[in-house]
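For what it's worth, the numbering used here labels the leading residue of the sequence shown as 54, then goes sequentially. Step one of this worksheet: look at the structure below.
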Amino acid sequence: MRTVFLLALTLSCLAQDFSKLSVEKVAGGFTFTEGPVWSRDNYLIFSDVPENKIWRLASDGKTPYREASNGANGNTFDAQGRLYTCESKSRRVTRTDKKGAVEVLADKFEGKRLNAPNDIVVRKDGHVYFTDPAFGAQADSRELDFYGIYHLPPKGTLQLVAKTNGRPNGIALSPNGRLLYVADSDERLVRVFDVASNGIATNGRTLISQIDGPPDGIRTDEKGNIWVTCNNVALYSPEGKFINKIDMPETPRNLTFGDGDFSTLYVTALKSIYRLQVNIKGSVQY
């Protein structure tokens, strides 16, 4: 009964607030924005994939963070403030320390080059999870005959979580780090995996299906709700029940929570960056 009450309360509160949300454009003039993540140093990091750049957006405006980014797509931080990036052109996952030194974490699986790492998340204890689809021309040159979801432990070798028929895209963890969510753009669904204390992810199953458009980015909030970019920004309960949606001026591609209290939602949408105040804080692993 308590679970039902809390779910009903979440649904009613969020539905009411959504009608009052104001969507603000904070930057534009890009080609295809992706991979947003908020730094605790008070700026937004995001990628412009075709332009081969990572950008920094702060109160003083936008500035290039990294030129020649190797087709950077997904980005995230860890608890030490290091930046993790999925480089689609170089087909690898890298980590950049606070002094700017770049380290390659993964570029091959069982001796074959990765397809094109897309999105990434790091658990508080250092376990890394990323997706490896192949879009467009990437599919013509891939060495692996499957799309993959991977786990890289703090110490040890790259592990395959799952092979998928559709292309995995956005990836996120539940607030307690015990569930891993992965969006599948082709099958228009979100899968969930159980994650053990040692970081091993198992028992993959469909949590959300029949999403309105190909799902891309995915995030969770402090209550465990799941935010997904598709034809809009869709919000689901932890049980996978649809709550509400936010229509955007441009097709959204990815999203992240940011600002000092992590209650601002930043959305990368094709050529622009948008933000909106929501009534709940994001779940942050770093």
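Yeah, the Cβ is synthetic: ideal placement off N, Cα and C, and Gly gets one too. Just so we're clear, the structure is a prediction, and the values are computed from it rather than from any experiment.
Supposed close pair residue i, residue j - CB separation, criterion 8 Å
i, j, result
"Pro186", "Arg144", "Pro186 to Arg144, Cβ: 12 Å. No contact."
"Arg241", "Arg258", "That pair is no contact at about 16 Å."
"Asn128", "Tyr137", "7 Å"
"Thr321", "Thr86", "4 Å"
"Cys139", "Phe199", "The pair is not a contact, with the Cβ atoms about 17 Å apart (cut-off 8 Å)."
Alpha carbon of residue i to alpha carbon of residue j, nearest angstrom
i, j, result
"Ser75", "Lys208", "44 Å"
"Thr149", "Tyr289", "33 Å"
"Ser344", "Ile299", "One cannot answer for residue 344 here, as it falls past the ends of the chain, which runs 54 to 339."
"Ala192", "Lys73", "42 Å"
"Arg109", "Tyr96", "7 Å"
"Pro206", "Arg176", "10 Å"
"Pro117", "Ile224", "25 Å"
"Pro89", "Trp280", "14 Å"
"Lys324", "Trp91", "19 Å"
"Lys78", "Glu303", "10 Å"
Residue environment, residue i, which counts as buried when at least 16 other CB atoms sit within 10 Å
i, result
"Gln263", "exposed"
"Asp269", "buried"
"Ser250", "exposed"
"Pro170", "buried"
"Thr210", "exposed"
"Gln133", "exposed"
"Thr309", "buried"
"Gly201", "buried"
Those residues which DSSP pairs with residue i across a bridge
i, result
"Glu232", "The question names Glu, but residue 232 is Leu in the sequence shown. Answer is Asp247."
"Tyr203", "Phe183, Leu213"
"Leu242", "Asp237"
"Leu226", "Leu233"
"Arg258", "Val245"
Cβ-heavy atom distance, residue i to the ligand GDP, below 7 Å
i, result
"Ser250", "In terms of ligand content, the structure shown is empty, and the ligand GDP therefore cannot be addressed."
* Indicate whether the contact test is met: 3 or more Cβ pairs, each with one atom in the stretch 236-255 and one in the stretch 153-170, closer than 8 Å. => The stretch 236-255 vs the stretch 153-170: no contact.
* Asked: Using 8 Å as the Cβ pair cut-off and three pairs as the minimum, do the stretch 106-113 and the stretch 292-305 touch?
  -> Cβ pair count under 8 Å is below three, so no.
* Determine, using beta-carbon pairs with one atom in the stretch 269-280 and one in the stretch 195-215, whether at least three such pairs fall under 8 Å. => In short, these stretches do not touch, since the Cβ pair count stays below three.
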